[in-house]
Amino acid sequence: MTSLTLALSKGRILEDSLPLLEKLGLAPAGDIDRLLRVPSQDPNVHLVIIRPADVPTYVEHGAADLGIVGKDVLMEHGGDALYEPLDLGIAQCRLSIAAVKGSPFAQPGPLAARKRIRVATKYPEITRRHFAARGEQVEIIKLYGSMELAPLVGLADLIVDLVATGNTLKANGLVETEIICQVSACMVVNKASMKMKHAALRDLLTRMQSLGA
Ligand code: ATP
Ligand code: PRP
1 MTSLTLALSK
11 GRILEDSLPL
21 LEKLGLAPAG
31 DIDRLLRVPS
41 QDPNVHLVII
51 RPADVPTYVE
61 HGAADLGIVG
71 KDVLMEHGGD
81 ALYEPLDLGI
91 AQCRLSIAAV
101 KGSPFAQPGP
111 LAARKRIRVA
121 TKYPEITRRH
131 FAARGEQVEI
141 IKLYGSMELA
151 PLVGLADLIV
161 DLVATGNTLK
171 ANGLVETEII
181 CQVSACMVVN
191 KASMKMKHAA
201 LRDLLTRMQS
211 LGA
């Protein structure tokens with residue numbers, strides 16, 4: 001039988017993936033809090049549990065045949081080297097621009113009249129592309145978390161961050177000025193695996209699709 005390695009994004013996406021894995025008979029058969037490589041209930045499928053931002057790299061290089069990753073992470077990484085056959089519809093949120101409520105930056109629309117806009121984000125590539133597509137040059141400040149703090153302490157004028165309920169923005173006195181894109185977790189597949197392990201991958205993807213993923 002063909003053996004498959006499935007890379008899972010640690011954290012929020014892993015939590016949302018577990019019910020799906022359960023339904024597919026691929027639930028982890030080991031301690032996912034400790035082990036980085038865990039067998040699944042299917043003896044032919046192994047799971048690797050890694051940082052979300054590493055999933056596209058593992059799958060691209062064939063260290064995993066397929067992976068579950070947020071579209072935000074995939075867009076930032078660049079997805080050309082991977083197949084993206086399925087939107088799993090889990091971990092839904094959106095990537096948005098936000099500013100301090102009542103500030104001049106809280107008005108939606110072009111930034112043309114304003115100078116040297118600073119945007120704090122974990123997503124420098126997506127941010128650069130988004131503003132460049134509108135002909136706007138911004139200074140991008142790369143952060144690794146808690147983006148909402150940046151405009152409050154004068155580090156940035158705007159942030160580009162994930163929004164789900166909007167509670168974090170609201171609690172920090174920020175408002176969403178523009179949605180860049182909708183985000184959910186998707187399945188990505190290594191291109192060589194798709195050829196070499198076609199039958200096993202097709203079977204798995206078809207079963208996922210029939211679950212409404
Ligand atoms: P790391 O530890 O590597 O920095 P992280 O803290 O970004 O990872 P999580 O927040 O657990 O990891 O999960 C990140 C992914 O979950 C995002 O890439 C996105 O696809 C999704 N996500 C993030 N925030 C939300 C949210 N509020 N609601 C739904 N999905 C979200
Ligand atoms: C994510 C995101 C926002 C928050 C949005 O952060 O970066 O801060 O969720 O969700 P909400 O609109 O429902 O409030 P997370 O909780 O992953 O923490 P982080 O800042 O460490 O990434």
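Numbering follows the working numbering, in which position 185 of the sequence shown is assigned residue number 185; successive positions increment by one, without gaps. Idealized CB from N, CA, C, for every residue including glycine.
Pairwise C-alpha distance: Glu125 and Ala150: Start at 1 with the first residue of the sequence shown, and residue 150 comes out as number 150. Start at 1 with the first residue of the sequence shown, and residue 125 comes out as number 125. In a straight line, the C-alpha of Ala150 is about 18 Å away from that of Glu125.
Backbone secondary structure at Asn190 - three-state DSSP: The residue given as residue 190 occupies position 190 in the sequence shown. Note: Asn190 maps to strand in three-state DSSP.
Classification of Tyr58 by the beta-carbon crowding that lies within 10 angstroms, buried from 16 upward: Numbered from its first residue, the sequence shown carries residue 58 at position 58. Buried is the call here.
Exposed unless 16 or more other CB atoms sit within 10 angstroms - verdict on Tyr123: The residue you call residue 123 lines up with position 123 of the sequence shown. With 16 or more other Cβ atoms within 10 Å, it is buried.
Residue closest to Cys93, alpha-carbon to alpha-carbon, out of Glu139, Gly166, Pro52 and Glu148: The count along the sequence shown starts at 1 and reaches residue 93 at position 93. Comparing Cα positions, the closest option is Gly166.
Limits of the alpha helix (DSSP H) - the one that Val73 falls within: Taking the sequence shown and counting its residues from 1, one reaches residue 73 at position 73. Val73 -> alpha helix (DSSP H) spans Lys71 to His77.
Residues sharing a beta bridge with Ala7, DSSP: Position 7 of the sequence shown, counted from the start, is the residue given in the question as residue 7. Answer is Val48 and Gly67.
Met208 versus Val100, Ile68, Ile32 and Thr168, residue with shortest Cα-Cα distance: As a first step, residue 208 must be located in the sequence shown, where it is residue number 208. Checked all of Val100, Ile68, Ile32 and Thr168; the closest Cα to Met208 is Ile68.
Contact between the region 155-173 and the region 95-105 (3+ Cβ pairs under 8 Å): yes
Where Tyr83 sits in the DSSP three-state scheme: Along the sequence shown, read from residue 1 onward, the residue named residue 83 stands at position 83. Here Tyr83 sits in strand by DSSP.
Cross-strand partners of Ser96 (DSSP beta bridge): As a working mapping, residue 96 is identified with position 96 in the sequence shown. According to DSSP, which records beta bridges pairwise, Ser96 is partnered with Asp161 and Ile179.
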